[in-house]
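**Student:** The working numbering puts the sequence shown at residues 507 to 653.
C-beta atoms are modelled at their ideal positions from N, C-alpha and C, and glycine is treated no differently.
Structure in structure tokens, see below.
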Amino acid sequence: MKHIRKVELLLLIITLLLAVICGVLVYEFVFKSYLTSSSNQKEVQTTNIETTELVYRELSQIIFAIRGYYYLRKELPEGFQQIDVNTTYNYHYAFEELEDTFRIELRGNVAISEEESLMKENSLDGELYTTYENFLYTTIIDKVFED
């Protein structure tokens, strides 16, 4: 009878130790990875908002520089080398001549979100099209000088 009690006590201790080990493993693999992934997701969202703010500021500066170049020189710039704007990201600039306006297209290889309030804050009145990897911003400049 004493041996049975000792064996039962030993099995109970082993069971409790295994339960503690299982609890620690579940915490390490399930809860810790979930907490890490959720904090990384919040960090990415914060970075995306900061990136969006920076890109909107740069777009505003680029459009202002293009308009200033056009109004001063009576022609649109050929490339970014002619525009005196320092940017953090890469943009591609193109324009299309319409009847009485120019359609300006700025493409960027940065993922940004569409924030109406930020667009208004940075005086961006054009259209913004975004994907997960890049964006296209289009705006119109009125022709002032006839060729």
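Sort out for me which residues DSSP pairs residue 648 with in a bridge.
**Tutor:** In the sequence shown, the residue the question calls residue 648 occupies position 142. Answer is 607.
**Student:** Since residue 634 is in the alpha helix (DSSP H), which residue starts that stretch and which ends it?
**Tutor:** Walking along the sequence shown from the start, residue 634 turns up at place 128. No alpha helix (DSSP H) contains residue 634, which is instead part of the beta strand (DSSP E) from 633-636.
**Student:** Since residue 525 is in the alpha helix (DSSP H), which residue starts that stretch and which ends it?
**Tutor:** Position 19 of the sequence shown, counting from 1, holds the residue named residue 525. Residues 508-532.
**Student:** Would residue 619 pass as a contact of residue 558 if the rule is Cβ separation under 8 angstroms?
**Tutor:** For this step, residue 619 is matched to residue 113 along the sequence shown. For this step, residue 558 is matched to residue 52 along the sequence shown. Closer than 8 angstroms, so yes.
**Student:** In this structure, does DSSP put residue 571 in helix, strand or coil?
**Tutor:** Translated into positions along the sequence shown, residue 571 becomes position 65. It is helical.
**Student:** Could you tell me the boundaries of the alpha helix (DSSP H) in which residue 580 lies?
**Tutor:** As a first step, residue 580 must be located in the sequence shown, where it is residue number 74. Neither: residue 580 is in no alpha helix (DSSP H) and is coded neither H nor E.
**Student:** State the DSSP-derived secondary structure class of residue 624, mapped to helix, strand or coil.
**Tutor:** Indexing the sequence shown from 1 puts residue 624 at position 118. Correct three-state label for residue 624: helix.
**Student:** Whose C-beta lies closer than 8 angstroms to the C-beta of residue 554 among residues of the same chain, with five residues either side of it excluded?
**Tutor:** Numbered from 1 along the sequence shown, position 48 holds the residue referred to as residue 554. Result list for residue 554: 617, 618 and 619, in chain order.
**Student:** Report the residue from 649, 541 and 595 whose alpha carbon sits nearest the alpha carbon of residue 639.
**Tutor:** Looking up residue 639 in the sequence shown gives position 133. The shortest Cα separation from residue 639 among 649, 541 and 595 belongs to 595.
**Student:** Measure the Cβ-Cβ separation of residue 651 and residue 580 and say whether it is below 8 angstroms.
**Tutor:** Position 145 of the sequence shown holds residue 651. Position 74 of the sequence shown holds residue 580. For residue 651 and residue 580, yes; Cβs fall inside 8 angstroms.
**Student:** As a quick exercise: from 623, 624, 627 and 615, pick the residue whose alpha carbon is nearest that of residue 636.
**Tutor:** Looking up residue 636 in the sequence shown gives position 130. Among 623, 624, 627 and 615, the Cα nearest to that of residue 636 is on 615.
**Student:** Pick from 570, 518, 622 and 647: whose alpha carbon is nearest that of residue 610?
**Tutor:** In the sequence shown, the residue the question calls residue 610 occupies position 104. Checking every option, the nearest Cα to that of residue 610 belongs to 647.
**Student:** Would you call the CB atoms of residue 583 and residue 577 closer than 8 angstroms?
**Tutor:** Translated into positions along the sequence shown, residue 583 becomes position 77. Translated into positions along the sequence shown, residue 577 becomes position 71. Cβ atoms of residue 583 and residue 577: not closer than 8 angstroms.
**Student:** On the DSSP bridge list, what partners appear for residue 600?
**Tutor:** Counting from one through the sequence shown, the residue named residue 600 turns up at place 94. Residue 600 is bridged to 611.
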